[in-house]
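A.B. asks:
Protein chains in written order, with our numbering: chain B, 1 to 303; chain W, 1 to 377.
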């Protein structure tokens with residue numbers, strides 16, 4: 001790698017503990033393990049792949065990282081069929097055609113006209129190109145749910161993550177002035193290619209422990225009654241053991257706690273669970289499984 | 001928490017050794033990762049053992065399985081006497097390590113055949129003729145040695161089929177192009193100048209596949225291979241839904257989607273599923289149509305039934321339900337392993353009644369017949 005790729009030192013955050021504190025101030029409860037992964041990713045300037053079930057804060061990491069570094073968050077949401085024109089760049093064809101019409105009568109040569117048409121003015125920069133065109137400070141690039149994109153896109157991504165440059169045929173090669181901090185997330189609906197995984201640091205996010213989840217509830221919903229919070233967390237953790245098709249994540253715990261508080265409850269009873277069921281369970285089959293296990297039984301376990 | 005007592009110059013050597021140790025225990029650790037591990041130790045330092053383990057775990061693992069194994073490996077390496085580390089019983093045999101590192105679908109190796117496969121490692125250099133023989137071996141008649149060899153061969157051939165299907169999709173799919181014809185029409189009122197452009201949509205693989213697999217006693221031997229086939233096809237269809245039936249129906253799509261095949265099959269045995277017993281095809285199909293039909297069956301769905309047609313229920317129900325299903329899907333395919341038998345004629349009440357209501361009736365008793373399905377996909 002040439003020297004222009006050398007990353008400037010992330011001297012804002014000195015060590016792992018500092019990162020934990022910084023994140024805590026921004027409302028994200030980070031355990032030492034994930035803080036280590038994030039810290040390494042920042043210092044080594046290697047992309048970080050975060051894998052885990054839905055609702056566990058994978059996307060949050062990127063948002064909080066951007067805030068803590070006081071830099072821009074550029075987000076690319078992946079989906080099946082994602083291609084270059086949506087992810088990297090596209091020419092603004094309509095504007096170009098209009099410009100051609102307007103230039104019809106002007107004195108410029110054909111080369112000059114062509115150069116004008118294919119200039120930055122007519123280029124629509126999508127997230128991946130945006131991430132390497134930042135002028136002042138390295139942004140955070142979040143590639144969300146990369147398992148939803150296909151292998152062709154992964155191959156392109158691999159190239160980008162190696163060289164941090166993109167070639168637009170009409171403009172030439174654009175090299176990153178500041179190497180972005182890259183975070184990829186995956187729900188593991190599909191195996192990612194080995195090459196991509198090797199290029200990244202890795203972190204598997206697991207469901208939190210009771211203490212950790214309580215910390216999150218306290219941090220994100222400070223108005224929640226302590227007793228109610230504990231019951232909700234215990235209840236959700238019991239529900240997770242039921243092997244639902246879509247087990248509730250931390251996001252669901254927060255929804256449930258917030259809903260219960262909004263309903264004015266001070267403790268969790270069967271009625272409240274039934275009323276807030278939609279927060280926890282996202283399909284009819286899962287609802288049936290939960291009812292079969294017995295809401296009262298589960299509640300008894302959480303008291 | 002004990003801190004590592006390593007002198008700085010020894011630290012690097014230990015890290016490299018640990019990486020090698022991790023690789024011998026099945027983690028996919030290459031040169032690149034070893035270098036990154038050394039870089040990360042420069043950043044994190046060796047003073048705090050917990051931080052070191054977190055850092056190395058982040059560098060050396062690349063999946064949930066590896067992640068969950070890691071702490072044990074780390075503790076083992078850093079606390080025990082190094083000379084004990086090479087005990088043969090813990091080391092994974094090299095063949096297994098290589099197999100683990102393949103990117104594609106990992107296939108289940110049954111407990112009996114894993115020993116056979118290690119013996120057969122040498123014999124697996126199959127010439128064209130032995131490959132042909134293997135492709136034709138009926139699953140129910142395969143010996144243990146054959147089963148192991150079949151597993152490897154099917155892995156390879158399914159991968160090739162995957163590539164062919166993927167290439168086909170690439171040729172069919174078009175990037176967003178300007179639709180010249182529509183653009184010109186749109187601009188007729190403007191004197192033919194193309195100021196409003198119409199674009200061609202992208203043609204995507206919209207097909208969905210539903211697999212309806214008979215797992216009653218008579219189908220058992222074929223079921224495992226057919227499940228593997230279903231698993232391998234997942235990449236090529238927008239969506240694959242898998243249902244198992246014998247006297248009733250169970251949906252297992254989420255299991256096959258979310259897990260590697262070996263885990264999926266394990267989880268399957270834990271779900272209350274009857275792997276033997278009678279067969280009621282018509283009733284099962286009826287249950288499916290009622291409960292899941294609306295959600296699952298669409299215009300561009302391929303519906304594949306894998307069953308030998310031995311139905312203990314009434315043929316009228318089977319016919320009625322088949323007609324119902326067929327009217328809602330693109331193609332109804334019935335795969336019957338008995339078609340592999342030379343003298344088989346579909347004369348059982350169930351099968352003969354069903355035949356006119358099926359678009360494709362094909363065998364599925366060996367690898368060759370499964371691969372032949374490619375042209376219908």
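The beta carbon of each residue, even a glycine, is placed where N, CA and C say it ideally should be. Please read these numbers as outputs of a predicted model, since none were measured by experiment.
Just how far apart, CA to CA, sit residue 292 of chain W and residue 250 of chain W?
C.D. replies: As a first step, residue 292 of chain W is located in the second chain; it is residue number 292 there, counting from the start. As a first step, residue 250 of chain W is located in the second chain; it is residue number 250 there, counting from the start. So the two alpha carbons sit approximately 11 Å from each other.
A.B. asks: CB residue 202 of chain B to CB residue 49 of chain B, shorter than 7 Å?
C.D. replies: As a position in the first chain, residue 202 of chain B is number 202, starting the count at 1. As a position in the first chain, residue 49 of chain B is number 49, starting the count at 1. Against a cut-off of 7 Å, the Cβ pair of residue 49 of chain B and residue 202 of chain B comes out as a contact.
A.B. asks: Which of the residues in the segment 19-43 of chain W, read from start to end, lie with their CB under 8 Å from any CB of chain B?
C.D. replies: 28, 30, 32, 33, 36, 39, 40, 43
A.B. asks: May I have a chain-ordered list of the alpha helix (DSSP H) segments no shorter than 4 residues that lie completely inside the segment 232-276 of chain B?
C.D. replies: 250-262, 270-275
A.B. asks: Please list, in chain order, the residues of the segment 55-73 of chain W that have any C-beta partner in chain B closer than 7 Å.
C.D. replies: 55, 58, 59, 61, 62, 64, 67
A.B. asks: Which bits of chain W does residue 198 of chain B rub up against, with CB to CB less than 9 Å?
C.D. replies: For the purposes of this step, residue 198 of chain B is taken as the residue at position 198 of the first chain. The answer, in chain order, is 28, 30, 32, 33, 62.
A.B. asks: Please check the pair residue 292 of chain B and residue 279 of chain B, which I expect to be a contact at CB under 8 Å, by giving their CB distance rounded to whole angstroms.
C.D. replies: Locating residue 292 of chain B in the first chain gives position 292, where the first residue counts as 1. Locating residue 279 of chain B in the first chain gives position 279, where the first residue counts as 1. No, residue 292 of chain B and residue 279 of chain B are not in contact; Cβ-Cβ is about 19 Å, not under 8 Å.
A.B. asks: So what does DSSP say about residue 87 of chain B, is it helix, strand or coil?
C.D. replies: By one-based count along the first chain, residue 87 of chain B stands at place 87. In the three-state reduction of the DSSP assignment, residue 87 of chain B falls in the helix class, which pools H, G and I.
A.B. asks: For residue 165 of chain B and residue 132 of chain B, which I take to be in contact (beta-carbon distance under 8 Å), what is that distance rounded to the nearest angstrom?
C.D. replies: Mapped onto the first chain, residue 165 of chain B falls at position 165. Mapped onto the first chain, residue 132 of chain B falls at position 132. The C-beta distance from residue 165 of chain B to residue 132 of chain B rounds to 7 Å, short enough to meet the 8 Å contact threshold.
A.B. asks: Take residue 229 of chain W and list the residues in its own chain whose beta-carbon comes closer than 6 Å to its own, dropping the five residues that flank it on each side.
C.D. replies: Locating residue 229 of chain W in the second chain gives position 229, counting from the first residue. Counting only Cβ-Cβ distances below 6 Å, and skipping sequence neighbours, we find 370.
A.B. asks: Using the beta-carbon of each residue, which ones in chain W are nearer than 7 Å to residue 159 of chain B?
C.D. replies: Taking the first chain and counting its residues from 1, the one referred to as residue 159 of chain B is at position 159. Those do not exist, as residue 159 of chain B stays about 16 Å from chain W at its closest Cβ, beyond 7 Å.
A.B. asks: In chain order, what residues of the segment 203-233 of chain B put their CB closer than 8 Å to some CB of chain W?
C.D. replies: 203, 204
A.B. asks: Of all Cβ atoms in chain W, is any one closer than 7 Å to the Cβ of residue 65 of chain B?
C.D. replies: Against the first chain, residue 65 of chain B aligns to sequence position 65. Not an interface residue.
A.B. asks: What three-state label does DSSP hand residue 251 of chain W in the structure shown?
C.D. replies: In the second chain, counting from the first residue as 1, residue 251 of chain W sits at position 251. In the structure shown, residue 251 of chain W sits in a strand (DSSP, three-state: E or B).
A.B. asks: On the DSSP letters alone, give me the boundaries of the alpha helix (DSSP H) that residue 43 of chain B sits inside.
C.D. replies: Position 43 of the first chain holds residue 43 of chain B. Counting along the chain, the alpha helix (DSSP H) containing residue 43 of chain B begins and ends at 32-44.
A.B. asks: Between B:282, B:228, B:242, B:250, which lies nearest to residue 264 of chain B when the distance is taken from Cα to Cα?
C.D. replies: One-based indexing of the first chain puts residue 264 of chain B at position 264. Looking at the Cα atoms, B:228 is the closest of the given residues.
A.B. asks: Please confirm whether residue 254 of chain W has its beta-carbon closer than 7 Å to some beta-carbon of chain B.
C.D. replies: For this step, residue 254 of chain W is matched to residue 254 along the second chain. For residue 254 of chain W, the answer is yes, since a Cβ of chain B falls inside 7 Å of its Cβ.
A.B. asks: For chain W, find out if any of its Cβ atoms is closer than 7 Å to the Cβ of residue 283 of chain B; answer yes or no.
C.D. replies: Within the first chain, residue 283 of chain B is the residue found at index 283, counting from 1. For residue 283 of chain B, not one C-beta of chain W is nearer than 7 Å to its own C-beta.
A.B. asks: Report the residue ranges of all alpha helix (DSSP H) runs contained in full by the segment 284-359 of chain W; include only those spanning at least 4 residues, in chain order.
C.D. replies: 293-296, 315-326, 349-354
A.B. asks: Within 10 angstroms of the Cβ of residue 51 of chain B, are there 16 or more other Cβ atoms? Answer buried if so, exposed if not.
C.D. replies: Your numbering for residue 51 of chain B matches position 51 in the first chain. With 16 or more other Cβ atoms within 10 Å, it is buried.
A.B. asks: How many Å lie between residue 14 of chain W and residue 22 of chain W at the Cα?
C.D. replies: Position 14 of the second chain, counted from the first residue, corresponds to residue 14 of chain W. Position 22 of the second chain, counted from the first residue, corresponds to residue 22 of chain W. Each residue's alpha carbon lies about 12 Å from the other.
A.B. asks: Taking only beta-carbon positions, decide if residue 51 of chain W is within less than 7 Å of chain B.
C.D. replies: As a first step, residue 51 of chain W must be located in the second chain, where it is residue number 51. Yes, residue 51 of chain W lies at the interface with chain B (some Cβ there is under 7 Å from its Cβ).
A.B. asks: Skipping 5 residues on each side, what residues in its chain have a beta carbon closer than 7 Å to that of residue 95 of chain B?
C.D. replies: Working through the first chain from its first residue, we reach residue 95 of chain B at position 95. Cβ within range, chain order: 122.
A.B. asks: Span of the alpha helix (DSSP H) holding residue 95 of chain B?
C.D. replies: For this step, residue 95 of chain B is matched to residue 95 along the first chain. Here the alpha helix (DSSP H) through residue 95 of chain B covers 93-103.
A.B. asks: Consider the Cβ of residue 148 of chain B: report whether some Cβ of chain W lies at a distance smaller than 7 Å.
C.D. replies: Here residue 148 of chain B corresponds to residue number 148 of the first chain, with the count starting at 1. With 7 Å as the cut-off, residue 148 of chain B does not count as an interface residue toward chain W.
A.B. asks: Give the interface partners of residue 257 of chain W over in chain B, defined as CB-CB distance under 8 Å, in chain order.
C.D. replies: Position 257 of the second chain holds residue 257 of chain W. Chain B residues near residue 257 of chain W: 189.
A.B. asks: On the DSSP bridge list, what partners appear for residue 49 of chain B?
C.D. replies: To locate residue 49 of chain B, count along the first chain from 1; it is residue 49. The partner list for residue 49 of chain B (beta bridge, DSSP) reads B:184, B:202.
A.B. asks: Taking CB distances under 7 Å as the criterion, tell me whether residue 126 of chain B reaches chain W.
C.D. replies: By 1-based counting over the first chain, the position of residue 126 of chain B is 126. Judged by the 7 Å Cβ criterion, residue 126 of chain B is not in contact with chain W.
A.B. asks: Among W:308, W:301, W:133, W:76, which has the Cα closest to the Cα of residue 363 of chain W?
C.D. replies: In the second chain, the residue the question calls residue 363 of chain W occupies position 363. Cα-wise, what sits closest to residue 363 of chain W is W:308.
A.B. asks: Give the residues from the segment 235-266 of chain B that approach chain W closer than 7 Å (Cβ to any Cβ), ordered along the chain.
C.D. replies: 245
A.B. asks: So, using beta-carbon positions, are residue 186 of chain B and residue 150 of chain B closer together than 7 Å?
C.D. replies: To locate residue 186 of chain B, count along the first chain from 1; it is residue 186. To locate residue 150 of chain B, count along the first chain from 1; it is residue 150. Not a contact, by the Cβ cut-off of 7 Å.
A.B. asks: Look up residue 165 of chain B in the DSSP assignment and give the residues it is bridged to.
C.D. replies: Against the first chain, residue 165 of chain B aligns to sequence position 165. Answer by DSSP bridge pairing, in chain order: B:175.
A.B. asks: Where does the unbroken beta strand (DSSP E) through residue 132 of chain B begin, and where does it stop?
C.D. replies: Here residue 132 of chain B refers to the residue found at position 132 of the first chain. Here residue 132 of chain B belongs to no beta strand (DSSP E); instead the alpha helix (DSSP H) covers 127-132.
A.B. asks: Nearest to residue 44 of chain W by alpha carbon, out of W:257, W:298, W:56, W:256?
C.D. replies: Within the second chain, residue 44 of chain W is the residue found at index 44, counting from 1. Taking only the C-alpha atoms, the option nearest residue 44 of chain W is W:56.
A.B. asks: Could you say if the segment 160-174 of chain B and the segment 25-33 of chain W meet the contact criterion of at least three C-beta pairs nearer than 8 Å?
C.D. replies: no
A.B. asks: With a threshold of 7 Å on Cβ separation, who are the neighbours of residue 172 of chain B within its own chain once the five nearest residues in sequence on each side are excluded?
C.D. replies: Within the first chain, numbered from 1, the residue matching residue 172 of chain B stands at position 172. The answer is none, since no qualifying residue turns up.
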